[in-house]
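Below is one structure; the comments refer to it alone.
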Amino acid sequence: MSSETDQMMRVCPLSQLARGDAMRLETRPPIALFHTEEGELFAIDDTCTHQDASLADGYVEGCEVECPLHASKFDLRTGKVDAPPAKLPVRVHTVEVLDGDIYLKESEEEPNLPPGITVDGHV
Amino acid sequence: MKTLAIVGSSLAGLSAARAARAEGFDGRLLMIGDEVHRPYDRPPLSKDFLAGKVGQETLSLEDPTEDLSAEWMLGERAVALDAGERAVVLANGQRVAADGVVIATGSTARTLPQFEGLENVYTLRTLDDAVALREELRPGARLLVLGAGLIGAEVASTALAAGVEVTLLGGPRVPLTRSVGAHMGAVLAGLHAAHGVTFIQNAVLESVRSEGARLLSVGLSDGRVVEADAVLVAVGGEAATAWLEGSGVATADGVICDDHGRTRVPGVVAVGDCAAWEDQHLGRHHRHGHWNSALTQPARAIKALLGTPDPQPVATLPYFWSDQYGIRIQFSGHAELADRVEIEEGDLSTHTFLAAYYRGEQPIGLLSSGQPRLFGKRRRQLERSLAAQTFTFS
Ligand SMILES: Cc1cc2nc3c(=O)[nH]c(=O)nc-3n(C[C@H](O)[C@H](O)[C@H](O)COP(=O)(O)OP(=O)(O)OC[C@H]3O[C@@H](n4cnc5c(N)ncnc54)[C@H](O)[C@@H]3O)c2cc1C
Ligand code: FES
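Those sequence lines, one after another, are chains G and H. Sequential numbering from 0 applies to the first sequence in numbering that gives the first Met the number 0. Sequential numbering from 0 applies to the second sequence in numbering that gives the first Met the number 0.
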């Protein structure tokens with residue numbers, strides 16, 4: 000294994016995540032992994048920073064995901080809020096593909112979880 | 000345009016202010032609102048805020064980093080609109096002149112005359128209402144909720160989780176018939192009894208027993224007596240448009256607007272809960288009364304007000320969500336236009352399903368109970384499919 004991937008966790012074979020699909024990883028807090036129509040992979044925190052909604056359930060257009068609940072938009076590359084009501088960014092995680100497998104390295108920043116939510120879910 | 004006055008400083012008003020600045024409006028922006036609070040979010044008032052899970056500071060709609068350069072006139076009630084001189088008249092007598100006016104006064108909770116003067120009877124529309132009602136939700140207390148619409152249902156669910164004994168009274172019609180149709184309304188209403196709320200359908204209130212200013216019990220037409228420590232009256236809302244009387248702005252159930260939010264008075268638009276926009280699919284004016292419309296309508300209305308209307312307006316489909324008993328319910332479309340409903344995923348007994356509404360072969364609505372992902376995908380398809388249908392379904 001290369002030095003870049005040794006602190007990374009193996010998620011699944013790339014073939015299991017089709018273009019246009021997303022999956023939710025049950026990490027603490029959960030992470031959303033996206034494979035865009037254009038073939039790019041992105042990983043961000045799954046829980047919207049506004050309230051309790053899963054961004055893996057959101058709608059992806061270009062490099063943006065729209066929250067399924069109140070349509071806040073997050074930039075998949077930077078995690079920044081492109082449209083309210085969310086105010087705080089989501090964290091962005093590093094994703095790589097090696098030998099056909101997806102690897103992920105979780106960000107070391109503090110997550111911006113919505114009020115009333117902890118890394119384990121509801122308070 | 001030099002001065003823009005926005006009347007009503009909540010979600011629709013704030014969204015209008017943001018839209019105006021985004022469109023490059025650099026004149027004076029006046030935010031008039033009769034509540035003393037800066038804009039806050041109402042949906043949590045029947046959910047996490049009422050449950051005591053989140054505090055008031057989480058309700059703010061503003062972003063501390065944004066600068067709208069607005070002049071806030073809070074705690075000021077508009078009592079009239081002088082359309083000729085285009086001025087908003089405040090309760091303190093002040094006249095606020097403006098070149099453009101956005102009406103965003105939302106709606107108010109309907110009250111029932113039988114309960115006038117009783118101190119343990121509440122409505123729920125504002126932060127202050129929620130703070131007062133929250134005090135009553137003590138474990139073991141008995142709460143009577145009148146009206147099984149979205150707010151009544153959510154409060155029943157939140158109160159139950161807080162250990163309150165809840166009785167919920169529905170009216171003669173199946174709850175939520177107007178929003179999701181009678182069939183699905185009955186399915187959703189099934190949640191109440193399933194979770195331990197006493198749900199009484201078709202309850203007609205006959206008498207009220209009180210001691211001093213405290214209500215003790217209500218009598219129903221079937222002879223039943225329901226004792227209660229507190230009562231929530233959740234029998235719907237009315238557009239807050241009384242202040243527009245005599246202004247020339249037409250109102251019916253809401254401010255009558257075209258599909259850009261323009262009223263018949265030039266320079267005056269209306270958005271959000273107080274506004275009834277022309278709906279091309281329904282072929283009539285329609286007041287949505289949901290959060291999403293208060294968020295999205297202002298962008299279009301502001302463009303029209305600033306003289307650059309959207310060339311191809313597409314009717315925004317009503318969308319709302321509701322959280323009840325830990326289940327996320329989402330709806331989009333027009334249930335009233337449907338001639339059939341199909342369960343396309345999951346099943347009704349577990350309350351995890353996606354129901355699709357059709358008029359002939361045309362999809363016209365979607366209801367999700369605990370299927371947010373599928374709902375999100377299908378909602379896009381529905382919007383696209385309906386955007387292509389510019390005719391009126393009648
Ligand atoms: C408890 C509760 C729960 C809700 N839950 C949901 C939900 O789960 N999903 C959903 O889709 N929607 C929900 N809604 C509806 C949603 O909150 C509204 O659609 C939204 O608030 C509408 O925003 P608005 O700005 O148009 O009106 P409002 O939020 O009503 O704001 C209007 C403002 O104008 C002020 N005003 C009124 N008259 C005057 C006057 N004459 N002069 C000055 N100011 C005036 C009012 O005081 C108020 O501050 C809920 C509403 C409530 C009350
Ligand atoms: S939960 Fe994501 S925008 Fe509200």
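Ideal placement from N, C-alpha and C gives every residue a C-beta, glycine not left out. These figures come from a predicted structure and were not determined experimentally.
* **Interfacial residues, the region 354-374 of chain H to chain G, with Cβ spacing under 8 Å** => Listed by position along the chain: Pro371, Arg372, Phe374.
* On the premise that H:Leu281 lies in contact with H:Leu381, defined as a C-beta separation below 8 Å, what is that separation, rounded to the nearest angstrom? -> Here residue 381 of chain H refers to the residue found at position 382 when the second sequence is read from its first residue. Here residue 281 of chain H refers to the residue found at position 282 when the second sequence is read from its first residue. With a Cβ gap of about 15 Å, H:Leu381 and H:Leu281 do not count as contacting.
* Could you name the residues of chain G that H:Asp62 contacts, counting a contact when the two beta carbons are closer than 8 Å? => As a working mapping, residue 62 of chain H is identified with position 63 in the second sequence. Going along chain G in sequence order, the residues near H:Asp62 (Cβ under 8 Å) are Pro83, Lys86.
* To do: Would you verify that the beta carbon of G:Asp45 is, or is not, closer than 7 Å to some beta carbon of chain B?
  => The structure shown contains no chain B; its protein chains are G and H.
* Taking only beta-carbon atoms, is G:Gly38 less than 7 Å away from chain H? -> By one-based count along the first sequence, residue 38 of chain G stands at place 39. Not closer than 7 Å to any Cβ of chain H, the Cβ of G:Gly38 fails to qualify, so no.
* Asked: How is the beta strand (DSSP E) around H:Trp71 delimited, first residue to last?
  -> In the second sequence, counting from the first residue as 1, residue 71 of chain H sits at position 72. H:Trp71 -> beta strand (DSSP E) spans 69-73.
* Asked: How many Å lie between H:Glu205 and G:Glu63 at the Cα?
  -> Position 206 of the second sequence holds residue 205 of chain H. Position 64 of the first sequence holds residue 63 of chain G. Straight-line spacing of the CA atoms in H:Glu205 and G:Glu63 works out to 55 Å.
* When H:Gly162, H:Ala160, H:Ala50, H:Leu336 are compared against H:Gln279, the one with the closest alpha-carbon -> The residue labelled residue 279 of chain H in the question sits at position 280 within the second sequence. H:Gln279 has its Cα closest to that of H:Leu336, out of H:Gly162, H:Ala160, H:Ala50, H:Leu336.
* **Proximal residues of chain H, C-beta to C-beta of G:Pro114 below 7 Å** => Locating residue 114 of chain G in the first sequence gives position 115, where the first residue counts as 1. Residues of chain H whose Cβ lies closer than 7 Å to the Cβ of G:Pro114 are, in chain order, Val53, Thr57.
* Asked: In the DSSP assignment, what residue or residues form a beta bridge with H:Pro362?
  -> Position 363 of the second sequence, counted from the first residue, corresponds to residue 362 of chain H. In DSSP, H:Pro362 forms a bridge with H:Tyr357.
* At a cut of 8 Å, does the region 282-301 of chain H reach the region 5-12 of chain H through at least three beta carbon pairs? -> In short, these stretches touch, since the Cβ pair count reaches three.
* **Any C-beta of chain H under 7 Å from that of G:Pro29** => Working through the first sequence from its first residue, we reach residue 29 of chain G at position 30. No - not a single Cβ of chain H is within 7 Å of the one on G:Pro29.
* Partner residues on chain G for H:Asp66, Cβ-Cβ distance less than 7 Å -> Residue mapping note: residue 66 of chain H aligns to position 67 of the second sequence, counting from 1. Ordered by position in chain G, no residue passes the 7 Å Cβ test against H:Asp66, which lies about 14 Å from the chain.
* Which residues of chain H have a Cβ atom closer than 9 Å to the Cβ of G:Leu16, listed in chain order? -> As a working note, residue 16 of chain G is residue 17 in the first sequence. What G:Leu16 touches in chain H: nothing, since even the nearest Cβ is about 14 Å away.
* To do: Rounded to whole angstroms, what's the CA-CA distance from H:Thr351 to H:Lys302? Just pull it up for me.
  => Reading the second sequence from its first residue, position 352 is the one you call residue 351 of chain H. Reading the second sequence from its first residue, position 303 is the one you call residue 302 of chain H. Each residue's alpha carbon lies about 40 Å from the other.
* Any chance you could list the alpha helix (DSSP H) runs of at least 4 consecutive residues sitting entirely within the region 7-53 of chain H, in chain order? => Entirely contained in the region 7-53 of chain H, the alpha helix (DSSP H) runs reaching 4 residues are, in chain order, 10-21.
* How many angstroms separate the CA atom of H:Leu167 from the CA atom of H:Trp320? -> Against the second sequence, residue 167 of chain H aligns to sequence position 168. Against the second sequence, residue 320 of chain H aligns to sequence position 321. When rounded, the distance between both Cα atoms is 20 Å.
* Got a sec, what are the start and stop residues for the beta strand (DSSP E) H:Arg372 sits in? -> Locating residue 372 of chain H in the second sequence gives position 373, counting from the first residue. Careful: H:Arg372 lies outside any beta strand (DSSP E), inside the alpha helix (DSSP H) at 371-386.
* To do: Indicate whether the contact test is met: 3 or more Cβ pairs, each with one atom in the region 226-243 of chain H and one in the region 106-114 of chain H, closer than 8 Å.
  => With the rule of 3 Cβ pairs closer than 8 Å, the region 226-243 of chain H counts as touching the region 106-114 of chain H.
* List the residues of chain H that G:Leu13 touches, going by C-beta distances under 9 Å, in chain order. => Stepping through the first sequence from its first residue, residue 13 of chain G is reached at position 14. Contact of G:Leu13 with chain H by beta-carbon distance below 9 Å is absent, the smallest such distance being about 21 Å.
* To do: Within its chain, find whatever has a CB closer than 7 Å to the CB of H:Gly148; leave out the 5 residues flanking it on each side and keep chain order.
  => Here residue 148 of chain H refers to the residue found at position 149 when the second sequence is read from its first residue. Shown here for H:Gly148: same chain residues with a beta carbon closer than 7 Å to its own, the five before and five after excluded, namely Pro174, Leu175, Ala233, Gly235 in chain order.
* Whose C-alpha, out of H:Asp98, H:Thr391, H:Glu118, H:Gly51, is nearest the C-alpha of H:Ala212? -> Position 213 of the second sequence holds residue 212 of chain H. Answer by Cα proximity: H:Glu118.
* **Beta-carbon contacts of G:Met0 that lie in its chain and below 7 Å, excluding the five residues immediately before and after** => As a position in the first sequence, residue 0 of chain G is number 1, starting the count at 1. With a pLDDT of 46 at G:Met0, under the threshold of 50, the predicted position of this residue should be treated as unreliable, and no value is reported.
* Where the beta carbon is closer than 7 Å to any heavy atom of ligand 2, which residues qualify, in chain order? -> In chain order, the qualifying residues are G:Cys47, G:His49, G:Gln50, G:Asp51, G:Ala52, G:Cys66, G:Leu68, G:His69, G:Ala70, G:Ser71, G:Pro84, G:Ala85, G:Pro113.
* To do: Determine, using beta carbons only, whether H:Ala239 and H:Cys273 come nearer to each other than 7 Å.
  => Here residue 239 of chain H refers to the residue found at position 240 when the second sequence is read from its first residue. Here residue 273 of chain H refers to the residue found at position 274 when the second sequence is read from its first residue. Going by C-beta atoms, H:Ala239 is nearer than 7 Å to H:Cys273.
* Would you call the region 103-112 of chain H and the region 56-69 of chain H in contact, with 3 or more CB pairs under 8 Å? -> In short, these stretches do not touch, since the Cβ pair count stays below three.
* Answer yes or no: do H:Val267 and H:Gly260 have a C-beta to C-beta separation smaller than 7 Å? => Numbered from 1 along the second sequence, position 268 holds the residue referred to as residue 267 of chain H. Numbered from 1 along the second sequence, position 261 holds the residue referred to as residue 260 of chain H. No, the pair does not count as a contact, with Cβ atoms beyond the cut-off.
* Range of the contiguous beta strand (DSSP E) that encloses H:Ala412 -> The question about residue 412 of chain H has no answer here: the residues shown for chain H are numbered 0 through 393.
* Asked: For G:Pro67 and chain H, any beta-carbon pair shorter than 7 Å?
  -> Residue 67 of chain G sits at position 68 when you count from the first residue of the first sequence. It does: the Cβ of G:Pro67 has a partner Cβ on chain H nearer than 7 Å.
* Three-state secondary structure (DSSP) at G:Pro12? -> Translated into positions along the first sequence, residue 12 of chain G becomes position 13. Strand.
* Asked: Any beta-carbon of chain H closer than 7 Å to the one on G:Asp56?
  -> By one-based count along the first sequence, residue 56 of chain G stands at place 57. By this cut-off, G:Asp56 is an interface position.
* Under the three-state reduction of DSSP, which class applies to H:Cys256: helix, strand or coil? -> Here residue 256 of chain H corresponds to residue number 257 of the second sequence, with the count starting at 1. Assignment of H:Cys256 by DSSP, reduced to helix, strand and coil, places it in the strand class.
* Asked: For H:Ala77 versus H:Thr2, is the C-beta distance shorter than 7 Å?
  -> Locating residue 77 of chain H in the second sequence gives position 78, where the first residue counts as 1. Locating residue 2 of chain H in the second sequence gives position 3, where the first residue counts as 1. The Cβ atoms of H:Ala77 and H:Thr2 lie no closer than 7 Å to each other.
* Return the bridge partner residues of H:Trp276 from the DSSP annotation. => Counted from its first residue, the second sequence places residue 276 of chain H at position 277. Beta-bridge partners assigned by DSSP to H:Trp276: H:Cys256, H:His285.
* To do: Work out the CA separation of G:Val10 and G:Leu97 for me, nearest whole Å.
  => The count along the first sequence starts at 1 and reaches residue 97 of chain G at position 98. The count along the first sequence starts at 1 and reaches residue 10 of chain G at position 11. If I take the Cα positions, the gap works out to 11 Å.
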